[in-house]
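Inspection log for the structure reproduced underneath, given as structure tokens.
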Amino acid sequence: MAIKETVTLAHLSITCAFIPKKENQAKKRTTMHSLLKVTVLLFCIQAGEGHWLRTGGDGEAKEGSGRQLERAIRLPRSAESPCALHSILLQVRDLRLGYDSDETVLFKYCSGTCPRLASNHDLTLANLLQSGILQYTGHWHHQPCCRPTHHEDIAFLDNHHRWHKVEKLSAAACVCMG
1 MAIKETVTLA HLSITCAFIP KKENQAKKRT TMHSLLKVTV LLFCIQAGEG
51 HWLRTGGDGE AKEGSGRQLE RAIRLPRSAE SPCALHSILL QVRDLRLGYD
101 SDETVLFKYC SGTCPRLASN HDLTLANLLQ SGILQYTGHW HHQPCCRPTH
151 HEDIAFLDNH HRWHKVEKLS AAACVCMG
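Using the UniProt record's numbering, you'd call the opening residue of the sequence shown number 1 and step up by one each time.
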């Protein structure tokens, strides 16, 4: 049984796969999952991003003997690229929204770094956390993030010759928020 795990950030996609021996499969699966989490966490700390999404991979790993590890990493265009609108051509099925379509659409998204400007709110929040008046829950983000301000609809024809319109799917404009 192949174990494949994909972790995706705005700028980083890591896919790890291996085929464990029959013994200790659960332990190896847990170890693989932990390694991916640590890798993503370290990247988040370095990049100043706090958002990540973990999804199980549905691709197949090649058969092999022993432990096989495949890693594909896509780094950002530039470590210092400012918040901007980017686009990529994708097949509708690659959006993983459940549509059976071979059509290609232009998906636009926001990506890039945002300057960290400490506001009075940020300073007060840091003081309250440090003094223990507020407890850190892990839900506060200390850096602005690049987010869409407007969205566009995308329309496409499925493989059964029916039109579909997905509202607010693609970004239209970006700004640093937070």
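Note that CB positions come from ideal geometry on N, CA and C, so glycine has one too.
query                                                                                                                    : result
Burial state of V105 (16 or more Cβ within 10 Å)                                                                         : buried
Where S101 sits in the DSSP three-state scheme                                                                           : coil
Test item: CB-CB of E167 and D153 under 7 Å                                                                              : yes
Beta-carbon separation (whole angstroms), H151 vs L169, contact threshold 8 Å                                            : 7 Å
A118 to V175 span [Cα, whole Å]                                                                                          : 17 Å
Strand pairing of Q91, partner residues [DSSP]                                                                           : T104
Per-residue DSSP class, three states only, for T124                                                                      : helix
Reference G112, options D100, W163 and C145, closest by Cα                                                               : C145
Cut-off 6 Å between Cβ atoms - residues of its own chain near D100, not counting five sequence neighbours on either side : D158 and N159
Pair within 7 Å by beta-carbon distance, L90 and K108                                                                    : no
Cutoff 7 Å; reference K165; Cβ partners in own chain excluding five residues on either side                              : D153 and A155
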